[in-house]
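Student: Sharing a structure here in structure tokens format.
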Amino acid sequence: MLKPEQEASLRLAEFNSRRFFLRQCTLGLGGIALGGLLGCGGELATSPQTPTTATLGPLDLAPHARRVIYLHMAGAPSQLETFDYKPDLIKLHGKDCPPSLLDGKRFAFIQGTPKMLGPQANFAQHGESRAWVSDLLPHFSTVVDEVAFLRAVHTEEFNHAPAQLLMHTGSPRLGRPAMGSWVTYGLGSDNENLPGFIVLTSGGREPSAGKKLWSSGFLPSIEQGVQCRTEGDPILYLSDPNHMSRDLRGKSIEAINRINRQQHKELGDPETLTRIAQYEMAFKMQVSVPEVMDISKEPAHIHEMYGTEPGRASFANNCLMARRLAEADVRFIQLYDWGWDMHGTSRDTSLGEGLADKCRAIDRPMTALLRDLKQRGLLEDTLVVWGGEFGRTPMQENRGGTTNPFLGRDHHGEAFTMWMAGGGIRGGASYGQTDAIGYAGVNERAHIHDVQATILNRLGLDHEKLTYPFQGRNFRLTDVAGEAITPLFG
Amino acid sequence: MRILLLLIPVVVASCTEADPRVSFNADVRPILNAKCVGCHGGVKQAGDLGLIFRENALGAVVPGQPRRSELIRRVRHEDPEVRMPYEAPPLSEAEIQTLERWIEQGAEWEDHWAYEPPVPTPPSSPVPDGGNEIDAYVADALLASGISPAPAAPPATLLRRVSLDLTGLPPTPEEMETFLADPSEAAYSRAVDRLLASPRYGEHRAAGWLDLARYADSRGYERDRPRTIWPYRDWVIRAFNDDMPFDQFTVEQLAGDLLPNPTPDQLIATAFHRNTPSNGEGGTNNEEYRTVSVMDRVNTTWEVWQGTTMACVQCHSHPYDPILHEDYYNSFAFFNNTADHDHVWELPAVRIPSAALRGKIDSLQNWVTSYGTDAEADYWLRFLQTREPIVRPYYFEDVVGGVFTDRADEDFMVMRSGNSFLLPTTSLDSVEALHLLSGDRRDYVLEVRLDDSTGATVATYDSQRKQGSGPKIISLDSVRGRHRLFVTVTGEEKDVPLTNIYGFYFQARLPGAGRDNYAAVKQYIADLAGSRDSVQVPVLSDHPPEMQRTTHLFERGNWLVPGRVLDGGVPAIMPPLPAGQEKNRLTFARWLTAPENPLTARVAVNRIWGELFGTGLVATPEDFGSQGAMPTHPELLDWLAVHFATDLKWSTKQLIRLIVHSKTYRQSSAARPELGDDPYNQLLARGPRSRLTAEQLRDQMLAVSGLLSDKMYGPGVMPPQPDGLWDHIPYSDIKWETSAGEDRYRRAVYTYLRRSVIHPGLTTFDGSSREICLSRRTETNTPLQALATLNDPAFTEAMHHLVGEVLNETDDPALAVDRLHRRVLYRPIREGDREDLLQLYREALREYDGRQKDALFVVANVLFNLDEFLTKS
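Quick mapping for you: the protein sequence lines, in order, are chains A and B. Residue numbers 1 to 490, in full-length UniProt numbering, belong to the letters of the first sequence in order. Residue numbers 1 to 873, in full-length UniProt numbering, belong to the letters of the second sequence in order.
What follows is the structure, encoded as structure tokens:
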């Protein structure tokens with residue numbers, strides 16, 4: 001595996017050839033493998049107005065991370081029960097929320113005057129960084145020194161689907177490409193046999209914005225995230241029909257490609273050569289995908305470490321798969337875990353029980369993921385990101401003006417916590433502060449576009465230069481804003 | 001890329017050498033666009049200098065005096081701190097001289113080519129034998145390059161190409177045999193006419209149009225509920241099959257509801273703009289998402305009809321084109337008065353009644369036509385079609401106690417005992433009753449008083465006297481003049497919601513009182529109002545004048561920061577709206593198709609050209625502005641545009657007929673060494689070649705295997721897709737239920753399209769996600785596509801079926817392979833290919849213990865995956 005500085009020089013060498021055959025350097029092809037085989041094929045049917053590769057140079061910035069594992073807690077976990085310790089809120093518990101926190105503000109469900117709600121967990125400081133973590137995350141509190149916290153992230157969106165879209169596509173509306181698509185568009189992928197952008201979901205449901213969160217939007221569809229499934233084929237249509245043997249499938253693909261080569265001789269369309277290569281890759285993927293997704297052969301101590309149970313859909317299994325995909329050099333590994341929307345309308349959405357259950361389900365595996373990446377030397381060039389789509393109110397939710405049956409908090413975009421670790425991130429760092437009750441950031445606030453700029457920066461991509469022309473203008477992940485948060489950099 | 005840059009000046013500016021005069025458009029604007037407007041444009045105007053409008057440019061340009069022009073001083077300056085472009089390589093001496101000569105000659109400005117009206121110039125080359133004017137224009141450009149056109153494509157290739165292009169389907173074996181027996185010009189013309197007359201034509205064209213219309217069978221976002229809008233898809237198919245003139249096609253979709261006495265079809269046409277996604281997630285604000293929809297309608301209209309990137313001026317003036325921030329909201333004003341509001345019920349909707357209701361509707365309609373004035377007839381027609389206008393809670397005034405939820409799934413006013421509000425001033429002269437739309441939760445009495453809380457009671461409703469499930473019809477005392485109505489609700493239980501009010505419909509008095517049957521016909525009003533026995537299609541429906549919304553400019557595009565008021569208009573660069581007409585959608589739609597509009601016909605013919613050739617004459621159909629591509633054949637584009645709008649009377653079929661009769665279209669698509677300098681086929685010296693679209697792939701697979709159903713229209717169908725894809729959508733329990741019978745084998749245009757989980761057959765092959773308008777799909781070539789055509793059970797089912805049919809004819813392996821090949825590829829098999837496939841067949845036969853059917857399936861699997869099969873050549 002290459003170190004970042006080696007990759008830097010390699011990317012420079014790749015660049016000139018990459019733009020000639022980008023459409024082939026798709027599913028994990030990094031360009032190199034097919035470069036010699038395909039020459040400048042694949043451009044005929046496209047046009048100058050439909051770029052299929054990023055127009056930026058490979059080295060806008062020095063890359064510190066080669067890949068990303070993004071853990072998204074769909075539904076938005078409460079920062080006030082996990083990482084943002086607010087003792088003053090204990091004192092205010094049960095008091096009416098002052099009008100200054102309500103006037104001119106928009107909430108999803110709060111109406112009238114809600115009560116303030118003290119933290120529903122106990123906090124302590126951990127590690128050399130003395131980071132506050134609640135007792136809902138006992139395992140994670142042992143690795144806080146690997147992690148940099150962003151404590152005053154903010155967003156304008158306070159409903160799940162738009163906020164998730166903003167977080168992962170840079171816009172709250174439908175139709176933009178996902179971050180993972182932008183990244184594979186900008187960097188290609190290093191793996192020859194696997195997609196460059198893989199998505200794993202857990203928690204029983206997909207996130208509110210669904211498959212749109214890994215859509216390639218207006219980028220070429222080759223950049224779309226590939227969802228690996230736990231039921232049926234891990235990737236759609238991976239299994240051969242009619243009990244066809246591997247040998248026979250191989251022979252049939254040889255026959256297809258032989259006839260296609262003849263076709264190319266007659267018509268000279270370079271797309272035909274691309275197609276030949278893609279059939280070869282499809283044949284390889286039929287083996288490599290199930291192999292990488294199969295966690296059953298991992299040793300017992302690894303299963304113990306993550307708390308995995310092979311064959312079951314869980315966040316723990318997905319964490320272990322994420323490590324395997326990182327080892328296989330998949331560029332962007334996106335996890336979504338459903339079930340964090342603690343409004344207090346039922347037991348499962350209560351801060352007392354629902355949130356504790358969810359924290360229990362992620363605490364051990366996400367800690368294991370960081371330790372496991374570290375012990376394999378992968379953490380230094382893998383950027384791990386954790387967060388939700390927004391935060392929760394310091395007030396108790398009172399849907400329709402009446403108090404909910406369980407303790408819960410409404411959606412809140414003004415301040416919430418995320419963390420990053422690994423590739424190019426300074427462990428133990430902390431950025432941003434919220435006010436005494438965790439309602440809003442008071443300094444070092446970070447907008448979603450800043451978070452995105454930071455992630456791209458660590459991969460060596462300048463968020464202002466990674467653009468794509470569509471509907472008459474150049475679009476980018478960060479829209480017209482965003483600034484990388486340099487204090488986090490290691 | 002380099003080739004393109006060289007090519008454009010040759011084609012576009014070929015006259016500059018003969019004419020010493022500098023052309024702003026051909027010579028100057030390209031320099032400004034490439035080197036200057038990034039900092040001195042419509043948005044960023046560094047040093048207060050913008051180079052989009054001449055007035056602004058004059059700050060740095062003194063006409064006639066290059067030496068006194070700051071622009072020249074700066075581009076020539078030796079100090080890199082002062083020289084422009086700043087922190088970039090200096091302009092070349094030739095570029096600077098061009099600018100100097102231009103200033104010397106008076107620094108005349110020209111509008112961008114696309115805003116100048118198209119004026120046909122005859123081609124220099126003659127029309128070739130067997131060709132048409134198109135070929136002459138193409139020859140003009142080819143002459144300059146010294147390249148000759150390609151020979152004609154072989155007849156089999158040509159028939160397959162034109163069949164796929166016109167109907168989306170390959171020819172049948174019989175059609176192919178007929179044509180191969182007589183591939184004459186006349187036979188080709190007959191084939192083209194047959195294809196244009198086929199109902200399959202409309203289905204194919206609709207598939208392309210639905211990308212622009214962002215058509216889907218669901219609403220998008222979190223819950224992604226179903227939407228009943230397939231009648232719009234069927235309208236599009238019919239419109240294409242009937243060859244509805246493009247100007248009418250435009251007006252009906254954008255403003256069919258504002259036409260006099262609109263037919264139900266004209267209302268359904270307006271569903272074009274009800275295809276916008278809506279957000280049903282619990283906490284979302286309806287006004288916010290209504291605003292999002294209106295913006296989408298503005299952007300889509302300008303992209304589809306004008307190739308103009310209006311979305312660029314949502315937040316600020318256009319960075320590159322002469323379009324201002326306020327122009328956006330002047331367009332917004334046209335679309336801002338429809339009654340839709342991101343309502344969960346997707347209203348307003350046109351009702352397509354069941355047969356059972358038809359009689360009552362006809363009777364009522366005949367009645368008002370016979371006994372009412374024209375205005376009364378119009379009023380009742382609107383009642384029958386849409387039940388609009390409804391006065392919804394956002395119009396309620398002086399609300400006391402009532403809580404308007406204005407949330408995704410709760411678009412009503414929650415009323416507790418003692419709560420009240422006022423309905424806005426309206427004329428009550430002819431009003432006979434109020435229809436109350438409400439969801440009742442407890443018993444209550446609703447009282448309506450004239451003007452205010454102390455006015456006379458003019459109507460009362462007691463919820464204990466239930467009227468069934470529909471709206472409650474509350475008769476109103478006869479009142480004259482314009483009044484507000486005070487509405488209050490009282491009940492025994494305090495502080496609990498009594499009813500959720502969605503709105504009121506003001507029902508007029510039925511004309512013809514005293515005639516026979518009056519009472520019976522009047523009863524139909526209640527029957528129809530309460531009936532749910534109809535298909536409801538969301539459509540556009542404007543608020544009446546007194547309920548119109550005020551349009552504000554949004555500062556920086558933020559809907560929460562309204563700026564000054566605007567009432568509708570078009571950019572100054574374009575021809576003005578006709579004087580004396582109401583500023584509404586209909587006027588705007590007619591302006592689009594007026595002869596003066598320089599863009600509509602160009603954009604339309606360019607789209608058709610792009611669909612046939614893979615790339616438009618302007619390669620950016622979505623952007624005819626200064627940042628879009630220049631036309632490769634400007635004279636051809638203009639001639640086609642004018643010909644289309646005048647001689648051909650906007651007939652799309654005639655336009656397509658013309659293009660496919662050109663020799664240019666009928667060329668072979670094979671590569672030739674001399675085309676090496678033109679990899680994108682910008683010179684049109686060969687025929688088109690591109691991978692089939694997602695829809696064509698499915699349809700072709702079903703067609704060649706003999707499975708394809710030709711059933712047309714109706715709700716979306718659910719062909720097989722992998723299990724479980726719909727299982728994990730939050731708060732949604734609707735299921736993908738695989739269609740039975742022939743619905744399993746319908747064309748792709750009928751496949752149920754759910755935005756959150758589009759059928760993988762569409763997404764894998766570059767289909768649109770149907771969330772926003774998409775002018776062209778980006779063609780990719782991926783291993784996931786290979787896996788799909790190799791292994792998708794829908795494909796393998798077709799392969800099995802075809803094998804079965806062939807085995808019914810012969811069990812001789814060599815013959816069977818030949819027949820399979822002919823069924824799939826329409827030509828005799830090459831000797832070498834036969835050997836390869838027979839070899840594979842024998843290997844498969846061993847693996848499958850001699851089961852011929854299984855072994856032949858492997859051969860079919862190969863044939864369905866050949867480049868030749870997947871490509872239009």
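Glycine residues also receive a C-beta, built at the ideal position from the N, C-alpha and C atoms. Quick caveat: nothing in here was measured; it's all calculated off a predicted structure.
Is there at least one Cβ from chain C nearer than 8 Å to I333/A's Cβ?
Tutor: Annotation note: the requested chain C is absent from the structure, which comprises protein chains A and B.
Student: Mind listing which residues of the region 120-145 of chain A have their C-beta closer than 7 Å to chain B's C-betas, in chain order?
Tutor: Listed by position, the residues of the region 120-145 of chain A near chain B (Cβ gap below 7 Å) amount to none.
Student: When we look at the beta-carbon of K95/A and count the other beta-carbons within 10 Å, is it buried (16 or more) or exposed?
Tutor: exposed
Student: In chain order, what residues of the same chain lie with their CB nearer than 6 Å to the CB of L725/B, ignoring the 5 residues before and after it?
Tutor: V757
Student: Along chain A, in chain order, which residues have C-beta atoms closer than 9 Å to that of D217/B?
Tutor: Correct list: empty, because the minimum Cβ distance to chain A is about 15 Å.
Student: Give the interface partners of L364/B over in chain A, defined as CB-CB distance under 9 Å, in chain order.
Tutor: Result: empty, since nearest Cβ-Cβ is about 41 Å, beyond 9 Å.
Student: Using a Cβ-Cβ cutoff of 9 Å, what residues of the region 247-271 of chain A are near chain B? List them in chain order.
Tutor: Of all residues in the region 247-271 of chain A, D247, L248, R249, K251, S252, I253, E254, A255, I256, R258, I259, N260, Q262, Q263, H264, E266, L267, G268, D269, P270, E271 have a Cβ within less than 9 Å of some Cβ in chain B.
Student: Using a Cβ cut-off of 8 Å (strictly closer), state whether D836/B contacts chain A.
Tutor: yes
Student: Do V618/B and G628/B have their beta-carbon atoms positioned less than 8 Å apart in this structure?
Tutor: yes
Student: Could you name the residues of the same chain whose beta carbon sits closer than 7 Å to that of T157/B, not counting the 5 residues immediately before and after it, in chain order?
Tutor: S873
Student: Identify which residue in Y86/B, T488/B, D443/B has its Cα closest to the Cα of L423/B.
Tutor: Per the Cα distances, T488/B.
Student: Let me check one thing: in DSSP terms, what residues is I425/A bridge-paired to?
Tutor: For I425/A, which the question treats as bridged, DSSP gives the partners F489/A.
Student: DSSP three-state label for P319/B, please.
Tutor: coil
Student: Short of 8 Å in beta carbon distance, which residues of its chain neighbour R360/A, apart from the five on each side in sequence? Order them along the chain.
Tutor: L136
Student: From this set, S100/A, N443/A, P138/A, which residue's C-alpha is nearest F123/A's C-alpha?
Tutor: P138/A
Student: Rounded to whole angstroms, what is the Cα-Cα separation between R130/A and E78/B?
Tutor: 57 Å
Student: In the DSSP assignment, the alpha helix (DSSP H) including S769/B goes from what residue to what residue?
Tutor: Where S769/B is concerned, there is no enclosing alpha helix (DSSP H), given that its DSSP letter is neither H nor E.
Student: In the DSSP assignment, what are the bridge partners of R482/B?
Tutor: S427/B, per the DSSP bridge assignment.
Student: Excluding the 5 residues flanking H411/A on each side, which residues of the same chain have their C-beta closer than 6 Å to its C-beta?
Tutor: Correct list, in chain order: A108, F158, F390.
Student: Is T810/B close to chain A? Criterion is C-beta to C-beta, closer than 8 Å.
Tutor: T810/B does not count as touching chain A.
Student: For D450/A, which residues in the same chain have their Cβ closer than 6 Å to its Cβ, ignoring the five residues on either side in sequence?
Tutor: G482, E483, I485
Student: Give me the chain A residues within the contact set of F869/B, using Cβ-Cβ distance strictly less than 9 Å, ordered along the chain.
Tutor: What F869/B touches in chain A: nothing, since even the nearest Cβ is about 10 Å away.
Student: Look up S363/B in the DSSP assignment and say whether it is helix, strand or coil.
Tutor: helix
Student: Determine the DSSP secondary structure at G35/A, reduced to helix, strand or coil.
Tutor: For G35/A, the predicted structure reports a pLDDT of 26, less than 50, and the residue's modelled location is therefore unreliable. The matter cannot be settled from this model.
Student: Would you call the CB atoms of P171/B and S163/B closer than 8 Å?
Tutor: yes
Student: Is W609/B helix, strand or coil when you go by DSSP?
Tutor: helix
Student: If we cut at 8 Å on Cβ distances, does A786/B have a partner in chain A?
Tutor: Yes, A786/B lies at the interface with chain A (some Cβ there is under 8 Å from its Cβ).
Student: Between which residues of its own chain and G220/B is the CB-CB distance below 8 Å, once the five residues before and five after are set aside?
Tutor: P277, S278, N279, R755, S756, E771
Student: Spatial neighbours of P497/B within its chain, please: C-beta separation below 8 Å, excluding the five flanking residues on both sides.
Tutor: V414, M415, R416, R441, R442
Student: Check L856/B in the structure and name its three-state DSSP category.
Tutor: helix
Student: Using a Cβ-Cβ cut-off of less than 8 Å, give me the residues of the region 104-118 of chain A that come near chain B, in sequence order.
Tutor: R106, F107, A108, F109, Q111
Student: For residue 877/B, report the span of its alpha helix (DSSP H) as first-last.
Tutor: Only positions 1 to 873 of chain B appear in the structure, and residue 877/B is not among them; the question remains open.
Student: With H, G and I counted as helix, E and B as strand and the rest as coil, what does DSSP make of A148/A?
Tutor: If DSSP states are grouped into helix, strand and coil, A148/A belongs with the strands.
Student: With D372/A and M73/A assumed to form a contact (beta carbons below 8 Å), what rounded beta-carbon distance in angstroms separates them?
Tutor: 20 Å between Cβ atoms; not a contact.
Student: With respect to the alpha helix (DSSP H) encompassing A519/B, which residues constitute its N-terminal and C-terminal limits?
Tutor: From DSSP, the alpha helix (DSSP H) with A519/B extends over 518-530.
Student: Looking only at C-alpha atoms, which of T284/B, L753/B, F869/B sits nearest to T228/B?
Tutor: L753/B
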